[in-house]
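Colleague: Heads up: the protein sequence lines correspond to chains A and B, in order.
Heads up: the first sequence is residues 1 to 178, going by the numbering used here.
Heads up: the second sequence is residues 179 to 742, going by the numbering used here.
This is the structure, below, for whatever I ask next.
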Amino acid sequence: MTTRIDKHTITALVEDQPGVLNRISSMFRRRGYNISSLAVGQSETDGLSRMTFVVEGDPETVEMVAKNLHKLVEVIKVVNISSDNTVSRELALVRVNADLTTRSEIMQIVDIFRAKIVDVSQGTLIVEVTGDENKVDSLVDLLRTFGIHEVMRTGTIAMSRGVSFEGDTSGITLGKQS
Amino acid sequence: MKMRGAQIVCESLLREGCDVVFGIPGGAILPLYQTLPEFPNLRHILVRHEQGAAHAADGYARVTGKPGVAFATSGPGATNLVTGIAAAQMDSVPMVIVTGQVGRPAIGTDAFQETDITGITLPITKHNFLVMDANDIARVIKEAFFIANSGRPGPVLVDIPRDVFMEEVDYEEPQKLDLPGYKPTVLGNNRQIKKAADLIRSAKKPVILAGHGVIISRAYDELRELAEKAQIPVITTLLGISCFPEDHVLWTGWPGMHGMAYSSLALDEADLIIALGMRFDDRITGNVKKFSSKSKKIHVDIDPSEIGKIVSVDVPIVGDVKEVLQKLNKHVDASTHGDWLKRIEILKEDHPSLRLPDTDKLIARQVIRDISDVTDGDATIVTGVGQHQMWAAQHYEFKNPCSLLTSGGSGTMGYEVPAAMGAQVAKPEGTVWSIAGDGGFQMTLCELATIVENKLPVKFAILNNGFLGMVRQWQEIFFESSYVSTGYSGNPDFVKLAEAYDIKGIRVTDKTQVKTAIREAMEHDGPVLIDFIVEQEENVYPMIPSGMTVKDMIEEPSSERVTA
């Protein structure tokens with residue numbers, strides 16, 4: 001079998017306690033796993049946060065990531081949602097050069113991407129874009145030609161489509177094998 | 179009931195069945211120590227260095243199966259524990275460590291003796307806690323014990339600020355644990371167990387590879403039942419040694435870097451490995467790609483993250499070895515595997531591995547054989563790390579389960595003295611031999627004072643070759659005998675050293691004195707240290723160099739230096 005190195009999305013439901021992020025990042029570092037993005041926020045339940053990791057590696061590595069995440073005492077549930085049937089979104093803010101000659105062109109691009117301009121100043125605009133990683137990448141690439149000052153990205157968050165299988169039972173759910 | 183934090187710690191420890199604590203006081207943990215006289219059932223053993231407390235708790239835990247408990251103060255007290263905690267983590271030993279921390283207002287200010295010990299021990303504990311409210315102590319201690327000794331055991335550290343020990347709160351016995359993310363899978367999956375039984379049924383050359391998990395789950399009888407019912411040879415890992423009687427016809431040694439050649443060869447020829455509570459350590463597999471390439475693998479382990487970590491597995495079973503074997507044994511058919519067992523016998527005959535050279539000189543291996551003979555394989559053997567460790571594992575004939583205590587995963591020199599102390603505390607009537615090298619012994623010898631103070635009759639055998647022997651062996655084999663920084667020319671007179679501690683000291687320089695000295699040690703009512711002046715350049719064989727395969731094994735040296 002050839003090994004496939006690609007990006008996988010894992011979500012984890014974790015206790016919202018001091019040190020949890022440290023524990024998780026320490027595990028990633030110690031085991032040598034690569035996180036390409038990480039997003040954390042409150043979940044639907046008080047006291048629990050949900051994290052979305054985008055991890056690079058072959059499927060075996062990602063399975064080990066899921067197992068090692070789940071091994072942490074404060075991690076309640078781990079789901080590998082790497083499949084086509086997920087919604088994944090990222091939000092980015094891009095501060096881009098915009099003078100009188102380029103402003104309208106940028107606004108057109110922003111329109112095409114269904115992004116928004118959220119701030120205008122003398123020589124720059126701030127563009128807000130939401131979408132999957134590819135969409136955000138494409139817009140940032142296009143804006144680069146005008147000169148980008150600053151990019152802020154939240155990292156991907158993701159959810160599987162259809163009926164939730166991320167209920168409150170704990171355990172590991174390995175997307176493709178379940 | 180109103181209680182101070184320190185009292186709650188003691189009360190909770192007693193409630194969890196703790197009766198012995200190894201530790202040493204200091205400023206931050208003093209409020210806890212000053213409370214100890216109120217709890218006479220909590221025996222405190224005052225060690226001389228915190229590393230000793232951690233290893234002693236480790237030795238105690240391995241023997242009793244209960245979490246070992248250690249106390250240390252903040253800062254250097256806590257950091258001195260680190261080696262012992264890491265060793266326990268690597269070998270899945272349950273421990274609960276309570277450290278003092280600077281007072282809450284001082285945390286984060288670089289106060290005197292402040293160290294972020296929960297941060298430091300994060301990757302070397304199973305879990306840790308910083309308790310910022312005395313109301314949490316009872317629950318945290320209960321959770322710490324539960325986490326330490328359930329699932330795959332490991333050390334749990336509880337860091338408590340000085341003022342939290344002194345805080346007075348309402349104490350209530352915690353009724354339940356609040357650990358939604360911690361639910362170890364104990365019972366194996368029935369479908370997987372049936373699949374495993376099918377694989378065993380169709381295997382022509384199966385072997386059992388039994389690890390520390392068999393000892394931790396005390397699955398000796400179940401292992402024996404499986405082996406005998408299906409007539410499967412039993413190979414153990416280093417930490418699995420003594421989980422299966424070595425005088426049993428199915429016992430097939432232990433494999434790997436310094437294991438018996440026939441064990442490594444049997445693994446290589448096998449068509450099925452039934453791996454029980456073990457983790458395919460690199461000292462066993464060598465080159466993973468070429469490890470036992472003809473075999474299918476059944477892997478039983480309570481830690482799902484061990485399955486598939488090193489080798490790919492045909493039938494993974496997550497669960498406690500004892501529970502899984504009880505079910506598996508019902509599905510396994512009686513079998514004979516006559517041809518395979520004959521083949522194993524031939525391997526054992528052709529590759530005897532552990533022959534001693536015919537020599538008048540005093541060699542370390544002979545010392546181990548003689549200790550084995552005199553104690554009749556009945557002692558608890560505690561070793562350090564290096565050549566003497568491998569020789570003890572090879573040449574001592576273990577008759578009792580859980581009778582070898584050794585730092586396997588982390589390879590911690592200096593384990594032998596304090597861990598033997600912990601083992602003796604756990605087994606006051608048992609015979610405990612600490613087998614040491616002259617190198618490792620000097621790393622923790624300060625605990626001799628603790629041993630004397632507590633009247634612990636530990637017997638020490640120092641295999642004194644004046645070298646860091648295993649490192650010297652690597653230098654001899656891989657670095658053209660360039661012995662850089664491995665010779666110990668400044669060793670003390672260990673007999674005088676023993677006497678300075680009021681321990682009986684015996685020196686042995688001649689082969690003919692060995693058994694007499696061991697008997698004398700056994701008859702003496704108290705600790706004894708024997709300084710065996712052994713051949714300096716004796717090597718451990720067989721040897722599979724790191725990352726190599728069974729084909730690269732050096733079974734016996736071409737010219738053994740000690741053959742006279």
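C-beta: ideal position from N, C-alpha, C; glycine also.
Please read these numbers as outputs of a predicted model, since none were measured by experiment.
Closer than 9 Å by beta-carbon distance: list the chain A residues that pair up with residue 486(B), in chain order.
Modeller: Result: 60, 63, 64, 67.
Colleague: Could you tell me the boundaries of the beta strand (DSSP E) in which residue 611(B) lies?
Modeller: Looking at the DSSP string, the run of the beta strand (DSSP E) that includes residue 611(B) is 610-615.
Colleague: Whole angstroms is fine: what's the gap from residue 23(A)'s alpha carbon to residue 309(B)'s?
Modeller: Using only the alpha carbons, I get a separation of about 17 Å.
Colleague: Hey, does residue 477(B) have any beta-carbon neighbour from chain A nearer than 8 Å?
Modeller: No, residue 477(B) does not count as interfacial toward chain A.
Colleague: Nearest chain B C-beta to residue 43(A) closer than 8 Å, yes or no?
Modeller: False, the Cβ-Cβ gap to chain B never drops below 8 Å.
Colleague: Throw me the rounded Cβ distance for the residue 401(B) and residue 503(B) pair, which I believe falls under 8 Å.
Modeller: Indeed they touch by this definition, with Cβ atoms about 6 Å apart.
Colleague: Taking only the alpha-carbon atoms, compute the straight-line gap between residue 40(A) and residue 153(A) and give it to the nearest angstrom.
Modeller: One C-alpha to the other measures close to 13 Å.
Colleague: With residue 324(B) and residue 365(B) assumed to form a contact (beta carbons below 8 Å), what rounded beta-carbon distance in angstroms separates them?
Modeller: Not really, about 18 Å apart at Cβ, beyond 8 Å.
Colleague: Is residue 335(B) close to chain A? Criterion is C-beta to C-beta, closer than 8 Å.
Modeller: No, residue 335(B) lies away from the interface with chain A (no Cβ there is under 8 Å from its Cβ).
Colleague: Just verifying my parser: in three-state terms, what is the DSSP assignment at residue 519(B)?
Modeller: The answer is helix: DSSP assigns residue 519(B) an H, G or I state.
Colleague: With residue 671(B) as the anchor, note down where its alpha helix (DSSP H) starts and where it stops.
Modeller: Careful: residue 671(B) lies outside any alpha helix (DSSP H) and carries neither H nor E.
Colleague: Can you say whether residue 265(B) is buried or exposed, counting buried as having 16 or more other CB atoms within 10 angstroms of its CB?
Modeller: Its Cβ being crowded by 16 or more others within 10 Å, residue 265(B) is buried.
Colleague: Who are the neighbours of residue 359(B) on chain A, taking C-beta pairs under 9 Å?
Modeller: Here the neighbours are 13, 14, 15, 70, 72, 73, 74, 75, 76, 77, 170.
Colleague: Once you ignore the five residues that flank residue 739(B) on each side, which residues in its own chain have a CB closer than 8 Å to its CB?
Modeller: Residue placement at residue 739(B) is poorly supported in this model, since its pLDDT is 48, which falls under 50; the coordinates are not used for a value here.
Colleague: Taking Cβ to Cβ, would you say residue 81(A) is nearer than 8 Å to residue 158(A)?
Modeller: Yes, Cβ-Cβ distance for residue 81(A) and residue 158(A) is below 8 Å.
Colleague: Restricting to runs no shorter than 3 residues, where is the beta strand (DSSP E) found entirely within the segment 278-330 of chain B?
Modeller: List check, beta strand (DSSP E) in window: 305-308.
Colleague: Please report the distance separating the alpha-carbon of residue 83(A) from that of residue 43(A).
Modeller: Cα to Cα, residue 83(A) sits roughly 22 Å from residue 43(A).
Colleague: Taking only three categories from DSSP, how would you classify residue 691(B)?
Modeller: In this structure, residue 691(B) counts as helix in the three-state DSSP scheme.
Colleague: List the residues of chain B that residue 30(A) touches, going by C-beta distances under 8 Å, in chain order.
Modeller: Residues of chain B passing the Cβ test: 301.
Colleague: Can you give the beta carbon distance from residue 393(B) to residue 384(B), rounded, assuming they're within the 8 Å contact cut?
Modeller: At roughly 21 Å, the Cβ-Cβ gap does not stay under 8 Å, so residue 393(B) and residue 384(B) are not in contact.
Colleague: Measuring alpha carbon to alpha carbon, tell me which of 91(A), 79(A), 45(A) ends up nearest residue 131(A).
Modeller: Comparing Cα-Cα distances from residue 131(A) to each of 91(A), 79(A), 45(A), the minimum goes to 91(A).
Colleague: If contacts are defined as beta-carbon pairs under 8 Å, then residue 303(B) and residue 280(B) qualify, I think. What distance do you get, rounded to the angstrom?
Modeller: Not quite, the Cβ-Cβ distance comes to about 20 Å (not below 8 Å), so this is no contact.
Colleague: On the DSSP letters alone, give me the boundaries of the beta strand (DSSP E) that residue 635(B) sits inside.
Modeller: Looking at the DSSP string, residue 635(B) is not in any beta strand (DSSP E), and its letter there is neither H nor E.
Colleague: For a contact meaning CB atoms closer than 8 Å, what does residue 482(B) contact in chain A?
Modeller: Those within 8 Å of residue 482(B) in chain A are 67, 70, 71, 172.
Colleague: On the DSSP bridge list, what partners appear for residue 8(A)?
Modeller: 55(A).
Colleague: Could you compute how far the alpha carbon of residue 122(A) sits from the alpha carbon of residue 58(A)?
Modeller: Each residue's alpha carbon lies about 47 Å from the other.
Colleague: So, with DSSP's three-state summary, where would you put residue 346(B)?
Modeller: Strand at residue 346(B).
Colleague: Just checking: is the beta-carbon of residue 178(A) within a distance shorter than 8 Å of some beta-carbon in chain B?
Modeller: Below a pLDDT of 50, predicted positions are generally treated as unreliable, and residue 178(A), at 30, falls in that range; the measurement from the model is reported next regardless. Closer than 8 Å: no.
Colleague: So that I know if they touch, is there some Cβ in chain A lying closer than 8 Å to that of residue 305(B)?
Modeller: Answer yes: the Cβ-Cβ gap between residue 305(B) and chain A drops below 8 Å somewhere.
Colleague: From residue 223(B) to residue 213(B), what does the alpha carbon distance come to, in whole angstroms?
Modeller: So the alpha carbons of these two residues sit roughly 15 Å apart.
Colleague: Taking the alpha helix (DSSP H) that residue 368(B) belongs to, which residues open and close that run?
Modeller: Residue 368(B) -> alpha helix (DSSP H) spans 368-380.
Colleague: Would you list, in sequence order, the uninterrupted beta strand (DSSP E) runs of no fewer than 3 residues that lie entirely inside the segment 69-124 of chain A?
Modeller: Those beta strand (DSSP E) runs which fall completely within the segment 69-124 of chain A and span 3+ residues are 75-80, 86-97, 116-120.
Colleague: Looking at the structure shown, is residue 709(B) part of a helix, part of a strand, or coil, going by DSSP?
Modeller: Strand, per DSSP.
Colleague: Got a sec? Which residues, its chain only, sit under 8 Å from residue 490(B) by beta carbon, not counting five neighbours each side?
Modeller: Correct list, in chain order: 475.
Colleague: Going by DSSP, name the residue or residues bridged to residue 645(B).
Modeller: Bridge partners of residue 645(B): 665(B).
Colleague: Give, in chain order, every residue of the segment 311-333 of chain B whose Cβ lies closer than 7 Å to some Cβ of chain A.
Modeller: Cβ contacts with chain A: 325.
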